Each structure stands twice: as structure tokens, then as C-alpha cells.
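Have a look at the structure below, then the notes.
Residue numbers (my numbering): 3 to 155.
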């Protein structure tokens, strides 16, 4: 019985401690994107557009839908755009959230930049991506490395 308790204690310590701080685990489970969505969640209604990196991410639209607690009715009501590559659909936009696959986001960004009205545009990007500077929020891995910036245009 002591061996079982000891092995379980060792496992639980590693799984809930050091394991979750490993960069490859942190990255694979999109913890950085989830944290960015938590920051964005209460601000989304006041934003005109969000442009989100896809660099190093797998199907980020799924992560954002869950992390933003996006309402299913809103998903069906608002527009969506996607491209199909092979057997997979890659959503490039739903509602006001754009995913930066290649240059797919450029027309929407250009349209916003040409608008005569002031727009509140948020970028969720890797540090230095798109030449953006002065993030309003930074997201760090457990080892202290910056992994995402939230910037305002």
C-alpha cells in the first residue's frame, strides 16, 4: 500500500507541477492563446476587429471559440470564412475575429485602415510579428519567455 501511495504522490507531483511547466506541453495545449482570450473576453464587444496569429497553432479558431465562451447563436448569426486544404477547413474569420493564414487577413485589414472612422483593432501576435511594437499586454511561458503580444492599432 505504501508503494502505491508513493508512486501516486510522485505521479501527481510531476503531472500537476513540473509537467505543466514544460514549454512543449504549454505550447501544445495553446495555453498562451487561452490566456490571450481571457484578456480579450470582457473587451470583445468594444473591439471592431481582432487579428490573431496562426504561427505555431493548430486550428486556433476552435481554441478561441471555447476560451472566449462564444455563444453558439452568435456563431450561426455572424459571418464565417474558411479555406479548405486537403481534408481540413481552416477558418480565416468568424464574426470580427480574423486568423492570419498567409495573406488571407490583408483585405480586411486594408479595409479597416482605409476607413475614415477610428477603429479599435486588436492583434494577438508572436513577439515582433508584423513589425508591431509596444504591446498593451504580454503573455509569458512558465520559463519567462514572451510568447504572445496583444497590440492595439
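Yeah, the Cβ is synthetic: ideal placement off N, Cα and C, and Gly gets one too. Note that the structure is predicted; figures quoted are calculated from it, not measured.
Pull up the distance between the alpha-carbon of residue i and that of residue j, whole angstroms please.
i: residue 154; j: residue 144; result: 25 Å
i: residue 135; j: residue 7; result: 51 Å
i: residue 59; j: residue 3; result: 43 Å
i: residue 79; j: residue 97; result: 9 Å
i: residue 43; j: residue 71; result: 8 Å
i: residue 132; j: residue 74; result: 31 Å
i: residue 85; j: residue 32; result: 22 Å
i: residue 115; j: residue 122; result: 11 Å
i: residue 90; j: residue 41; result: 29 Å
Spatial neighbours of residue i within its chain, please: CB distance less than 7 Å, with the 5 preceding and 5 following residues excluded, ordered by chain position.
i: residue 38; result: 126, 141, 150, 152
i: residue 36; result: 65, 69
i: residue 56; result: 62, 101, 102, 103
Can you say whether residue i is buried or exposed, counting buried as having 16 or more other CB atoms within 10 angstroms of its CB?
i: residue 51; result: buried
i: residue 62; result: buried
i: residue 118; result: exposed
i: residue 138; result: exposed
i: residue 93; result: buried
Taking the DSSP output, what are the residues bridged to residue i?
i: residue 54; result: 101, 126
Apart from the five residues just before and just after residue i, which ones in its own chain have a Cβ nearer than 6 Å to its Cβ?
i: residue 95; result: 83
i: residue 100; result: 53, 107, 110
i: residue 49; result: 122, 124
Leaving out five residues before and five after residue i in sequence, what residues of the same chain have Cβ atoms less than 8 Å from its Cβ?
i: residue 67; result: 77, 96
Those runs of the alpha helix (DSSP H) which lie wholly inside the region 61-102 and span at least 4 residues: You should have 62-69, 74-79.
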